[in-house]
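Student: Mind looking over this structure? Questions follow.
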Amino acid sequence: MKSSICSPRTIRKFFLVGAVLLSTCTLQSTIVFATCVLQKTNPSQTRFSIKLQNATLEEFVKQVEQKTGYSFIYGEEVRLNGRITLAVRDLTINEILRKAFENQPIGFEVSGKHILLNKRPVPQKTVSRRFTISGYVTDGVSSETLIGANILDSRQRVGTATNPFGFYTLTLPEGDADLSFSYLGYETWHSSFPLNKDTVLNVRLDSNNELAEVIVLSDKKEAGIQSTAMGAHEIPMAQIQHTPAVLGEADILKTIQLMPGVQAGTEGFSGLYVRGGGPDQNLILLDGIPIYNADHLLGLFSIFTPEAVKKVTLFKSSFPARYGGRLSSIVDVRTNDGDMKHYHGTLSIGTLTEKLHFEGPIVKDRTSFSISGRSTHTAFMGKAFSSDGDEFNYYFYDLNAKVNHKFNDRSRLFLNFYHGNDHYHFNFEEKYNYTDNSYNNIYESKSSLNWGNTIAAGRWNYVFTNKLFSNTTVAFNSYRMIVKGLSKEQEKYSSQQPRSYSYQFDSEYRSGIRDWSFRTDFDYTPVPSHHVKFGVEYLYHTFRPETSTSKMKEEENGMTEQDTLYHSISNSYLHGHEASVYVEDNFDIGNRISLNAGIHASLFNTQGKNYFSVQPRLSVRYRFDHGFSIKASFSQMAQYVHQLSSTPLAMPTDLWVPITKNIRPMRANQYSIGGYYTGIPGWEFSIEGYYKQMHNVLEYQNGVSFFGSSTNWEEKVEMGKGRSMGMEFMVQKTLGKTTGWLAYTLAKADRQFKNGSINDGERFPYKYDRRHSISLCVNHKFSERIDVGASWIFNSGGTTTMPEQQTVILKPDGTIVQASYISKRNNFRLPASHRLNIGVNFNKKTKHGMRTWNISLYNAYNSMNPTLVYAKRKDNSYFAYVDEYGRYTGGYNSSKLTLKKITLLPIIPSVTYTYKF
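Per our numbering, residue 1 is the first one in the sequence shown, and the count goes up by one each step.
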């Protein structure tokens with residue numbers, strides 16, 4: 001019997017961990033030299049280590065001068081009130097002096113290479129009483145809450161950050177408090193005051209003119225060295241708006257596709273495939289409410305209007321316990337609350353769409369609103385396209401609205417609304433007129449397809465105490481797809497014996513999902529080193545996989561021959577009850593170790609059966625010297641819904657269905673480890689490795705497909721397991737006139753179904769198994785008037801199933817049919833794809849705002865990347881004959897199967913005009 005430690009799975013995990021650690025060490029040795037060179041130009045940022053035991057002032061001065069090269073200047077009046085004991089590592093000269101003289105009657109000032117000491121009053125001694133400072137951090141002009149703003153007390157060297165609603169709380173010992181509030185793109189605000197009681201401190205930050213001149217890419221609350229989380233990226237709105245995309249439409253999901261470990265399923269479209277998962281394994285949240293269809297125009301655009309969005313966060317590795325319900329990723333989108341002081345907005349007209357955003361106060365400093373709308377130009381044209389009796393049109397639109405009311409410093413109310421829709425219709429009419437006998441025929445056909453989301457939600461923020469914050473949300477969420485058809489036929493005969501005939505057929509097909517939800521979340525901060533989150537959620541799902549009705553009416557000579565209403569036998573509603581509870585704690589152990597530990601428990605009830613899941617989450621960060629850190633994490637996730645689809649595009653006919661008494665929940669375990677470096681100002685380096693196991697994933701059986709029908713869908717799929725593994729590298733420049741990142745992903749994903757119904761039970765590559773992915777994104781600001789953005793993407797080919805040979809089969813009834821021979825699932829590797837996108841902005845300040853012209857080129861060098869691939873036979877001639885014995889023989893002449901591709905997105909220029917007022 002083989003030892004488990006020598007199994008392929010164990011060896012693979014050891015190899016993955018070893019590879020990541022080796023790469024981290026290589027990264028460290030390569031970058032340390034550059035760090036030292038840069039620090040030479042800024043001595044105050046050079047870090048030192050000092051160790052002293054019961055030292056006099058003279059002994060302290062001597063050792064510091066030897067270690068640092070600084071010289072001290074002080075008079076006889078400068079004396080210690082007790083000897084100095086100090087053991088510090090990797091601190092700047094200011095941090096060393098502050099710590100050494102913290103409880104001493106000595107002040108200091110660093111000037112060049114000199115340190116001036118002076119006498120000061122004896123500082124207050126630390127007492128046992130502690131008090132809490134709490135409040136909101138907002139924009140100084142608009143009063144918009146700032147998510148993830150930093151709050152730091154320089155005396156105690158402890159800090160915190162604002163939550164998704166801009167609220168913070170910080171508990172400190174009694175005495176002098178010296179707070180600094182900072183947020184990228186804003187001036188740092190300082191406040192010093194004696195802390196002798198619990199204090200409410202609301203802070204308004206002003207925009208920093210210098211930082212406004214550059215594009216800021218990093219806000220390290222959810223990502224980077226200062227966060228415990230792994231695989232978490234905060235995507236700044238400035239970067240989204242400056243990343244060129246198809247037809248000049250800034251797109252949140254397209255920008256997320258540029259992150260390591262994330263890829264688009266189909267070239268140029270907005271689907272998300274994260275670390276070997278499918279598109280239905282991503283939880284996309286709009287202000288905390290799930291979105292079931294996040295695409296327009298078959299996935300070419302996402303539903304999010306960038307002007308309405310404040311913050312976007314992607315989680316793909318260590319999932320916080322407050323999130324659940326999907327296996328692969330969380331995309332958390334937060335929208336603007338509305339300006340409480342001034343009215344302002346944005347008007348944009350592009351090649352495809354027009355957009356309007358407007359916000360301002362309803363009651364100044366008390367109630368505000370924010371409203372955004374977007375639509376294609378064809379939305380205002382009923383008969384956009386017509387030819388020879390045919391009339392057709394397509395359009396989409398989005399509407400976002402929010403009202404924010406502040407009752408007082410403790411209580412706030414938010415009302416959210418979103419409605420989006422895609423519409424397509426096709427009308428056809430034919431008329432026949434005969435002379436002499438006056439014969440008249442009219443045929444009319446109308447069809448339409450509509451699909452989209454509607455969300456309505458109310459949120460209430462309440463501060464119970466200065467340490468306990470709550471957010472309660474009640475929401476309604478609906479996704480629907482409706483297909484309608486109408487056929488009319490009318491015949492009139494005007495002779496000596498008039499005849500009249502009419503026929504009408506109406507049909508309607510509906511599919512969708514509707515949720516009612518209640519959720520309450522609590523943030524509790526007992527001490528600065530612990531940040532506890534806990535809460536509960538309940539969702540009532542109503543699934544309508546498909547309902548269809550049709551009506552047929554026939555009249556002849558004024559008499560009704562038939563008037564019948566039909567209902568499909570599959571018309572049914574499926575209901576699901578989903579409840580969850582979670583708790584997590586983000587806490588520190590000493591100065592170097594941080595942990596985020598949590599648990600997410602959920603219960604799903606459907607068809608009289610209960611499924612219960614307990615999902616532990618853990619991530620650990622260890623901080624080394626010189627800006628290095630390593631992280632490791634484990635996440636377990638469960639998913640109770642599936643999306644049925646047979647096409648690589650985001651089709652409206654894709655149906656959402658729940659788990660059943662026969663189909664179990666999908667589960668995933670993900671292990672990750674990574675190394676990070678931020679020692680060079682304005683730069684970030686990261687490497688992460690992961691291994692993910694998936695259970696109860698679904699795949700269609702051999703020879704079975706789905707397209708717009710969920711009838712007996714459980715009998716068409718098989719449950720199996722999947723796995724994915726890979727390494728992700730990222731280099732990011734976060735400050736300066738030139739910003740951007742380079743990301744590379746090496747990955748592998750496959751599936752296996754043991755019972756042999758798919759691929760004979762053998763492993764086969766996942767259809768979006770791409771071994772290599774590279775994305776390069778660069779933005780440069782030449783001046784106040786001109787900035788340019790460019791992105792280059794390379795993906796090695798995915799897989800598809802194609803017939804390798806053709807043959808004929810003689811059936812028992814004597815008929816001959818053509819058949820394809822396929823040796824295994826996903827047997828063809830598609831060609832690689834790559835493209836370059838370029839966009840230039842021309843800005844000009846006007847009397848009342850800012851005018852911007854954007855000129856973009858999508859796929860600038862016209863790379864003919866495959867959107868769809870199919871097989872075609874050359875020389876498809878068929879022969880058949882009857883031999884002398886009367887036997888029928890047939891077959892195909894020698895031929896060859898070739899792959900053909902369809903490219904939907906060649907080079908596409910666009911122009912967009914934007915006016916901010």
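A virtual CB, placed ideally from N, CA and C, is assigned to each residue, including glycine.
Leaving aside the five residues before and after S154 along the sequence, list all residues of the same chain whose C-beta is less than 6 Å from its C-beta, in chain order.
Tutor: Answer for S154: D178, listed in chain order.
Student: For K355, count the other beta carbons within 10 Å of its own beta carbon; 16 or more makes it buried, fewer makes it exposed. Which is it?
Tutor: buried
Student: If you follow the beta strand (DSSP E) that F193 is in, where does it begin and where does it stop?
Tutor: Its beta strand (DSSP E) spans residues 189 to 195.
Student: Is it buried or exposed, K781, if we count other Cβ atoms within 10 angstroms and call 16 or more buried?
Tutor: Buried.
Student: Is T255 helix, strand or coil by DSSP?
Tutor: helix
Student: In three-state terms, what does DSSP make of D90?
Tutor: strand
Student: Determine the direct distance from the alpha carbon of V808 to that of I816, and round the result to whole angstroms.
Tutor: 6 Å
Student: Sort V78, K51, G75 by Cα distance to Q66 and report the nearest one.
Tutor: Closest option to Q66, Cα to Cα, is K51.
Student: Can you give the Cα-Cα distance for N605 and G576, rounded to whole angstroms?
Tutor: 6 Å
Student: Measuring CA to CA, which of S823, Q281, E391 is closest to M637?
Tutor: Among S823, Q281, E391, the Cα nearest to that of M637 belongs to Q281.
Student: Within its chain, find whatever has a CB closer than 7 Å to the CB of V274; leave out the 5 residues flanking it on each side and keep chain order.
Tutor: G261, V262, N282, K316, S328, S329
Student: With DSSP as the reference, label A860 as helix, strand or coil.
Tutor: coil
Student: Leaving out the 5 sequence neighbours to the left and right, which residues in its chain are closer than 6 Å to T35 when beta-carbon positions are compared?
Tutor: No answer about T35 holds up, because its pLDDT of 40 lies below 50 and its placement is not dependable.
Student: Between E491 and F392, what straight-line distance do the alpha-carbon atoms span, to the nearest angstrom?
Tutor: 25 Å
Student: Short check: CB of N669 to CB of Q693, under 8 Å?
Tutor: yes
Student: Residues in its own chain within less than 6 Å of L116 by CB, not counting five upstream and five downstream?
Tutor: I73, E109
Student: Helix, strand or coil: which one does DSSP assign to T335?
Tutor: The three-state secondary structure of T335, taken from DSSP, is strand.
Student: Would you list the one or two residues that DSSP bridges to A790?
Tutor: V778, I838
Student: Return the chain-ordered list of same chain residues with a C-beta closer than 7 Å to the C-beta of I84, the five sequence neighbours on each side being excluded.
Tutor: Cβ within range, chain order: L52, A55, F60, A100.
Student: For the segment 764 to 775 and the segment 741 to 754, state whether three or more C-beta atom pairs, one from each stretch, are separated by less than 8 Å.
Tutor: The segment 764 to 775 makes contact with the segment 741 to 754: 3 or more CB pairs, one atom from each, lie closer than 8 Å.
Student: Considering Cα atoms alone, identify which of R623, R621, A601 is closest to V614.
Tutor: A601
Student: State the start and end residues of the unbroken alpha helix (DSSP H) segment that holds E942.
Tutor: Since the displayed the chain opens at 1 and closes at 917, residue 942 lies outside it and no answer follows.
Student: For G285, which residues in the same chain have their Cβ closer than 8 Å to its Cβ, ignoring the five residues on either side in sequence?
Tutor: For the record, residue 285 in the displayed sequence is Leu; it is not Gly. Correct list, in chain order: I291, I330, V331, D332, V333.
Student: Would DSSP call H233 helix, strand or coil?
Tutor: strand
Student: Could you tell me the boundaries of the alpha helix (DSSP H) in which T68 lies?
Tutor: 57 to 68
Student: Going by Cα to Cα distance, which pick from L735, K916, T898 is closest to H848?
Tutor: K916
Student: Count the other C-beta atoms from every protein chain shown that fall within 10 angstroms of the C-beta of Q241, then say buried if there are 16 or more, exposed otherwise.
Tutor: That one is buried.
Student: Are the Cβ atoms of G764 and N837 separated by less than 8 Å?
Tutor: Here the sequence assigns Phe to residue 764, which means Gly is not the residue at that position. No, they are not a contact pair.
Student: For G839, count neighbouring C-beta atoms within 10 Å of its own C-beta (all shown protein chains included) and say buried if the count is 16 or more, exposed if not.
Tutor: buried
Student: Can you name, in chain order, every residue of its own chain whose Cβ lies under 6 Å from the Cβ of S833, other than the five neighbours on each side?
Tutor: The answer, listed in chain order, is E267, N795, N865.
Student: How should M727 be labelled, buried or exposed, when 16 other C-beta atoms within 10 angstroms of its C-beta is the threshold for buried?
Tutor: Buried: at least 16 other Cβ atoms inside 10 Å.
Student: Three Cβ pairs or more, each shorter than 8 Å: is that satisfied between the segment 455 to 471 and the segment 498 to 514?
Tutor: Contact fails between the segment 455 to 471 and the segment 498 to 514, because fewer than three Cβ pairs, one in each stretch, are under 8 Å apart.
Student: For G512, does the count of other Cβ atoms within 10 angstroms reach 16, so buried, or fall short, so exposed?
Tutor: Under this definition G512 is a buried residue.
Student: Buried or exposed: which applies to W683, given that a residue is buried once 16 or more other Cβ atoms fall within 10 Å of its Cβ?
Tutor: buried
Student: Going by DSSP, name the residue or residues bridged to R480.
Tutor: G452, G512
Student: What does a CB cutoff of less than 6 Å around L211 pick up in its chain, not counting 5 residues either side in sequence?
Tutor: A caution first: L211 carries a pLDDT of 44, below 50, which makes its placement in the model unreliable, though a value can still be read off. G185.
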